[in-house]
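Here's the structure, in structure tokens; my notes come after.
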Amino acid sequence: GYGHADNVAPAILGGFVLIRSYEPLDIIRLPHPENLFCAIIFPEVDVPTRDARQMIRQKVFLKDAVTQWGNIAGLVSGLFLKDIDLIGRSMKDILVEPVRSILIPDFYKMREMAMESGAVSFGISGSGPSVFAFTKNEADAVFITQKIAKHLASLQIKSQTYVSPINDNGPIILD
Numbered sequence: 062g063y064g065h066a067d068n069v070a071p072a073i074l075g076g077f078v079l080i081r082s083y084e085p086l087d088i089i090r091l092p093h094p095e096n097l098f099c100a101i102i103f104p105e106v107d108v109p110t111r112d113a114r115q116m117i118r119q120k121v122f123l124k125d126a127v128t129q130w131g132n133i134a135g136l137v138s139g140l141f142l143k144d145i146d147l148i149g150r151s152m153k154d155i156l157v158e159p160v161r162s163i164l165i166p167d168f169y170k171m172r173e174m175a176m177e178s179g180a181v182s183f184g185i186s187g188s189g190p191s192v193f194a195f196t197k198n199e200a201d202a203v204f205i206t207q208k209i210a211k212h213l214a215s216l217q218i219k220s221q222t223y224v225s226p227i228n229d230n231g232p233i234i235l236d
């Protein structure tokens, strides 16, 4: 198998990255709007990566692949154009998310809550259970994390939340 450059590259480099190829490894850093914020909610439930990975179909219909490619092209264009609305319209995963979402309690309810509260997009981080929302400002991101954490608590699910602008620097050593 391949390494996990799609996870490691943004963690080290910060910001948005595109893995164009694994052989040879070709990582492309992407620009983004300055006012893009990320709300992250980590429901404390067990979603084994192996189980989540095994759920993914190995073959897809051409129509679905074309739709997914269009969304990816829209996302990359939105990042370059710094068009948050285009980014939001393009962040639709029709291949993996519908399958993996069943492993995350109340996924679609959380999405609905986020989108009604100012998110431009909502999705699964990696194989889950963490979910994220992009917003146009910090206040919406904070509100979304609080609202979803409260909802999860009503289901007896503990969660951790984080809000941040997009970090373009990767990790830094603090004095």
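So for the sequence shown, the working numbering puts the first residue at 62; every next one is plus one.
Backbone N, C-alpha and C define an ideal beta-carbon position, used for all residues, glycine too.
Since the structure is predicted, the reported quantities are computational estimates derived from the model, not experimental observations.
Roughly how many angstroms lie between the CA atoms of residue i and residue j, to the nearest whole one?
| i | j | result |
| --- | --- | --- |
| Ile148 | Ala194 | 12 Å |
| Gly62 | Gly76 | In this prediction, Gly62 has a pLDDT of 46, which is less than 50 and means its spatial position is unreliable; nothing more can be read from the coordinates. |
| Ile155 | Cys99 | 21 Å |
| Leu216 | Leu140 | 36 Å |
| Asp297 | His65 | The structure shown does not extend to residue 297, since the chain spans only 62 to 236, so no value can be given for it. |
| Val157 | Lys120 | 12 Å |
| Ile234 | Leu97 | 24 Å |
Output needed for residue i: all residues of its chain with C-beta closer than 7 Å, excluding positions within five of it in sequence on either side, in chain order.
| i | result |
| --- | --- |
| Gln115 | none |
| Gly135 | Leu147, Arg150 and Ser151 |
DSSP three-state label for residue i, please.
| i | result |
| --- | --- |
| Phe122 | coil |
| Ser182 | strand |
| Asp87 | strand |
| Gly62 | Reliability fails at Gly62, whose pLDDT of 46 lies under 50, so the model's placement of it is uncertain and the value that follows must be treated cautiously. Residue state, collapsed to three classes: coil. |
| Gln217 | coil |
| Leu142 | helix |
| Val78 | strand |
| Pro94 | coil |
| Val137 | helix |
Going by C-alpha distance, which of the options is nearest residue i?
| i | options | result |
| --- | --- | --- |
| Ser178 | Ser191, Ile205 and Leu79 | Ile205 |
| Arg90 | Arg111, Leu74, Ala175 and Ser162 | Leu74 |
| Thr222 | Gly135, Ala72, Pro104 and His65 | Pro104 |
Can you give me the Cβ contacts of residue i inside the same chain, cut-off strictly under 6 Å, excluding the 5 residues immediately before and after it?
| i | result |
| --- | --- |
| Thr110 | Ser188 |
In chain order, what residues of the same chain have a beta carbon less than 8 Å from the beta carbon of residue i, not counting five sequence neighbours either side?
| i | result |
| --- | --- |
| Lys170 | His212 |
Taking the runs of the alpha helix (DSSP H) that are 4 residues or longer, which of them lie wholly in the stretch 146-211?
-> If we require 4 residues or more, the alpha helix (DSSP H) runs fully inside the stretch 146-211 come out as 158-161 and 168-177.
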